[in-house]
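Here is the structure we will look at, set down as structure tokens.
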Amino acid sequence: LDQVAHFEFGKGPQQIRRDQQRTAVTLRGNYEGERFRDMTRQVERVMNTLAMPAGYQWSFGRELRESRREQSDMGLNILLAICLVYLVMAALFESFLHPLVIMLCIPFAALGVIWTLMITHTPFNLLAMIGVVILVGIVVNNGIVLLDRIHGLRREGRSRAEAILEGCRDRFRPILMTAATTILGLTPLAFGKADIAGGYYFPLARAVMGGLATSTVLTLVVLPTFYVLLEQAAAGARRTIAWGLGRGPLPWRVQDAPGPVGAPDSPGANPSSVC
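In the UniProt record's numbering, the protein residues as written are 1 to 275.
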């Protein structure tokens, strides 16, 4: 070997890594106490202040780019989950309007997710987005249980107001118990440091807990209100269409002495046909 080369012992790289046919060096590190987005901004700000030699450049690794792409795809998955849940409820209730009332539980859950993550200083990462997808299928259960009970009471002949009051009273404890057991079951995961496959899962648990708690409380208060508003809007639309076709009175006709909720509009009306 001495005849063809000169060699000596020294330090050198264990391997030469290339990325897109260019020699590359990968720098890795762990971070604590910072949100992932804030951390990347700080790294970018520091790296932009460094004067790179000619022919050198820096960029975030492939893992970060894939993580951002996965978060973008997860947003589409959330929209797809909402559409599928709506279609299932529309088929079960045989109505396109009543599922809209139940879908109001999802914005309530979103508020709870935002508040919880802000209060606990939890990053809205991919795991938190998975928790939102799970919430889409969970929070509508309270609305389904409540609205199904209201419809059952109205089929028994109760007025709308009576059905809403009795339905909320009958389903109050089951809804609270279901939400409470789910929240308590997620508590160890939400406030622990369970490291599974190199990642912490507390953002997922906190997102589900916050969204479920907020949607449960607001569902019992706001959902009946929107149900009444939707029923009144649908009835007004039907009267307007009937008036336009010449089959009914003016849609804005006001009764001289309106009766109680559920009473017939006229003396000759059939009480059994009034909702």
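From the three backbone atoms N, C-alpha and C, an ideal C-beta is built for every residue, glycine too. Small disclaimer: the values here were computed from a predicted structure and weren't measured.
Using a threshold of 8 Å, state whether the C-beta atoms of residue i and residue j are closer than that.
{"i": "R206", "j": "T116", "result": "yes"}
{"i": "V139", "j": "S215", "result": "yes"}
{"i": "G131", "j": "L223", "result": "no"}
{"i": "L127", "j": "L204", "result": "yes"}
{"i": "V136", "j": "V101", "result": "no"}
{"i": "V113", "j": "G192", "result": "no"}
{"i": "L111", "j": "F226", "result": "no"}
{"i": "M74", "j": "M129", "result": "yes"}
{"i": "V208", "j": "L186", "result": "yes"}
{"i": "T23", "j": "G61", "result": "no"}
Using DSSP with H/G/I as helix, E/B as strand and the rest coil, what is residue i?
{"i": "P267", "result": "Unreliable positioning characterises P267 in this predicted model, as indicated by a pLDDT of 43, which lies under 50. The coordinate reading is nonetheless provided below. P267 falls in the coil class under three-state DSSP."}
{"i": "T23", "result": "strand"}
{"i": "Y200", "result": "strand"}
{"i": "R18", "result": "strand"}
{"i": "V254", "result": "For V254, the predicted model reports a pLDDT of 45, less than 50, meaning its position is unreliable and no value from the coordinates is stated."}
{"i": "E44", "result": "helix"}
{"i": "D38", "result": "helix"}
{"i": "T214", "result": "helix"}
{"i": "T122", "result": "coil"}
{"i": "D2", "result": "coil"}
{"i": "E166", "result": "helix"}
{"i": "E8", "result": "coil"}
{"i": "L245", "result": "coil"}
{"i": "R238", "result": "helix"}
{"i": "G152", "result": "helix"}
{"i": "G131", "result": "helix"}
{"i": "G192", "result": "coil"}
In terms of residue numbering, what span does the alpha helix (DSSP H) encompassing residue i cover?
{"i": "R158", "result": "R158 -> no alpha helix (DSSP H), and no H or E assigned at all."}
{"i": "L76", "result": "R62 to F93"}
{"i": "F96", "result": "Taken as a continuous stretch (DSSP letters only), F96 belongs to no alpha helix (DSSP H), as it is neither H nor E."}
{"i": "A54", "result": "Per DSSP, A54 belongs to no alpha helix (DSSP H) and is neither H nor E."}
{"i": "V113", "result": "C105 to I119"}
Looking only at its own chain, which residues have a Cβ that is under 8 Å from the Cβ of residue i, when we skip the five neighbours before and after it?
{"i": "L153", "result": "E162, A163, E166 and G167"}
{"i": "residue 276", "result": "With the chain represented from 1 up to 275, any question about residue 276 goes unanswered, as that position is not in the structure."}
{"i": "V133", "result": "M74, N77, I78 and A81"}
{"i": "R18", "result": "A24"}
I think residue i touches residue j, with their Cβ atoms under 8 Å apart; what is that distance to the nearest whole Å?
{"i": "L183", "j": "A213", "result": "It is Ile, not Leu, that sits at residue 183 in the sequence shown. Yes, they are in contact, since the Cβ atoms of I183 and A213 sit about 6 Å apart, within 8 Å."}
{"i": "residue 277", "j": "R171", "result": "Summary: the structure shown does not reach residue 277, with the chain confined to residues 1 through 275, and so no result is reported for it."}
{"i": "L220", "j": "F108", "result": "Not quite, the Cβ-Cβ distance comes to about 11 Å (not below 8 Å), so this is no contact."}
{"i": "E63", "j": "R160", "result": "In fact, because the Cβ distance is near 55 Å, the residues do not count as touching under 8 Å."}
Among the residues of its own chain, which have a CB less than 6 Å from the CB of residue i, if the five just before and after it don't count?
{"i": "Q20", "result": "none"}
{"i": "V254", "result": "Below a pLDDT of 50, predicted positions are generally treated as unreliable, and V254, at 45, falls in that range; the measurement from the model is reported next regardless. None."}
{"i": "Q3", "result": "none"}
{"i": "A197", "result": "Its pLDDT being 49, under 50, A197 is placed unreliably by the model, and the measurement read from it follows with that caveat. Counting only Cβ-Cβ distances below 6 Å, and skipping sequence neighbours, we find nothing."}
If I measure Cβ to Cβ from residue i and keep anything under 7 Å in the same chain, skipping five residues before and after, which residues do I get?
{"i": "H98", "result": "L147"}
{"i": "F93", "result": "P99"}
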